[in-house]
Amino acid sequence: QLPNPSLRPCAQHGAMDGGTLYELKSQARCLAAVEGDADRNRFLLGTLNLRAANELHVVEYNEDTSEATCVQVYEMPHETWDLCSCPGAEHAGKVLAVHNDAGATQFAVMYDVDAIRTDGLEPAGSHAGGPPGKLATLSAGKSPAEAVRKVAWDPTGDATRVVTLSRSRIDLWALDKPSGTPAPAATCQAPAPPDNVPKSRVASRAWNALCWDPHHANTLATGDGAGNVATIDLRTMAVAGSVAGAHAEPIRHLDYNPNRPHVILSCGEDDEVKFWDLRKLGGGAADAGGLKPLRTLREGGHAHWVTCARYNRFHDQLVLTGSTDGGVKLWRCAEISSSPPADDGYEGEDGEGSNEKDGVAKNYTMHEESVYSVVWSAADAWIFGSLSFDGRLAMNYVPPAEKYRILL
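This note's numbering puts the first residue of the sequence shown at 10, with every later residue one more than the last.
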């Protein structure tokens, strides 16, 4: 039962194939875990309506009853193209959203989503049905090249440090000033493409993926439309190293290994997921041609673009991927994790498999349209959500056999 009858028409709820569905009546791309809440499985969903009203849903998943329940729905002024919450527990209600103003401009806004701080499923008082509190607008400019594409919080939980990613620049924002319009504290411009890059390919080198290193607070990773990965040093606001041609097509998402420093995964429109050891990069902005990935996920993989890939935040043996083929896959990647199998082979003396081979652990088929977001719960290592373009949120578990293979 929803906490407020007026919210009932906003979503439909049900179970399917062992998982739980929460269905918006709007298109959507953005799903984010409430990072600062380690006690409840809470998620944020932003809608994508060009001509109709947009919303931000706060959803809680109860693992005991397998129900996904609406905590609160907020009015949003524009389409939401990116979404993330502050990882600091004391600032859990702070949320960054990237909005598109009907194609005119694209910018980031920091909100105070007070429903995140509530206990239980009670409506959030004065904000029930209204917009969340607006704290700041982060805009790099009004030109298409300056349109904000991605946002990220400092992974240490520092709510005053935020980065925004545009096509050719990264802005570091210091939000510790009590008043006034925020301005970038520092800016990194994308390096000029090599002379041998055709003019027709220059635009494709625009940055479109961003991830902040959880092990090194002054390092970012970016991915661009030409399939290149680059690391950025926030102290110098310059490219520190890069992997040229990491993917044959545009990169859609990046994620750092939470347990192994310097290891990152990338995925893109070439239908592949690749793992990289960034310690092997050369210094400076020169491309590190010839760097080989630790592993590439192909066998049993997706049939179309891989739009999102994420490490399990506690057990890096598990990787979750979503794709425009409508599929969600859970991968076992133990051999390149922080806890690789103890033995070298896969068979014991009795011929029985002592370790399952790495690869697809499970396929999840609860979506009918392209999947654009997959996220792990911040409160439970074995729960995750996936969001497809038709507004369907699917909540699922890691299979028990896979869970106990890791724990035992």
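Glycine included, C-beta positions come from ideal geometry on N, C-alpha and C.
**OP:** Could you tell me which residues DSSP pairs with His418 in its beta bridges?
**Re:** The chain is shown only over 10 to 417; residue 418 falls outside these bounds and no answer can be derived.
Original post:
By a C-beta neighbour count over all protein chains shown, 10 Å radius and 16 as the cutoff for buried, is Glu88 buried or exposed?
Top reply: buried
Subject >> Classification of Asn266 by the beta-carbon crowding that lies within 10 angstroms, buried from 16 upward >> reply: Around the beta carbon of Asn266, 16 or more other beta carbons sit within 10 angstroms, so the residue counts as buried.
**OP:** Please state whether DSSP places His9 in a helix, a strand or coil.
**Re:** Outside the displayed range of the chain (10 to 417) lies residue 9, so it cannot be described from this structure.
Subject >> Proximity to Ala47 [Cα-Cα], best of Gly27, Ser94, Ala61 >> reply: Ser94
Original post:
Roughly how many whole angstroms lie between the Cα atoms of Gly55 and Glu308?
Top reply: 33 Å
Original post:
In the DSSP assignment, what residue or residues form a beta bridge with Gly250?
Top reply: Thr240
**OP:** Output yes or no for whether 9 Å exceeds the beta carbon distance between Ala230 and Asp222.
**Re:** yes
Subject >> Buried/exposed call for Glu443, threshold 16 Cβ in 10 Å >> reply: Any answer about residue 443 is impossible in this case: the structure gives the chain only from 10 up to 417.
Subject >> Local conformation of Ala183 per DSSP, three classes >> reply: strand
Original post:
Between which two residues does the beta strand (DSSP E) carrying Lys338 extend?
Top reply: 337 to 341
**OP:** For Gly277, I'd like the list of residues in its chain whose CB is within less than 6 Å of its CB, leaving aside the five on either flank, ordered along the chain.
**Re:** When the five nearest sequence neighbours on each side are left out, the beta carbons in the same chain lying within less than 6 Å of the beta carbon of Gly277 are those of His256, Glu258, Pro259, Ile260, Arg261, in order along the chain.
Original post:
Do you know whose CA, among Thr228, Asp233, His225, Ala351, lies nearest Asn217's CA?
Top reply: Asp233
Original post:
Quick one: is Gly112 buried, meaning 16 or more other Cβ sit within 10 Å of its Cβ, or exposed?
Top reply: Around the beta-carbon of Gly112, fewer than 16 other beta-carbon atoms lie within 10 Å, marking it exposed.
Original post:
Looking at Ala215 and Ser251, is the spacing between their C-beta atoms short of 9 Å?
Top reply: no
Subject >> Buried versus exposed call for His313 [16 or more other C-beta atoms within 10 Å across all chains shown] >> reply: exposed
**OP:** May I ask you to verify whether the region 380 to 387 touches the region 34 to 43, counting CB pairs closer than 8 Å and requiring at least 3?
**Re:** yes
**OP:** Could you check how far apart the C-beta atoms of Ala249 and Thr240 are, in whole angstroms? I think they sit under 8 Å.
**Re:** 5 Å
Original post:
What are the boundary residues of the alpha helix (DSSP H) that includes Glu411?
Top reply: 409 to 416
Original post:
When we look at the beta-carbon of Gln198 and count the other beta-carbons within 10 Å, is it buried (16 or more) or exposed?
Top reply: exposed
Subject >> Supposed contact pair Glu281 and Gly310 - C-beta distance, whole angstroms, cut 8 Å >> reply: 7 Å
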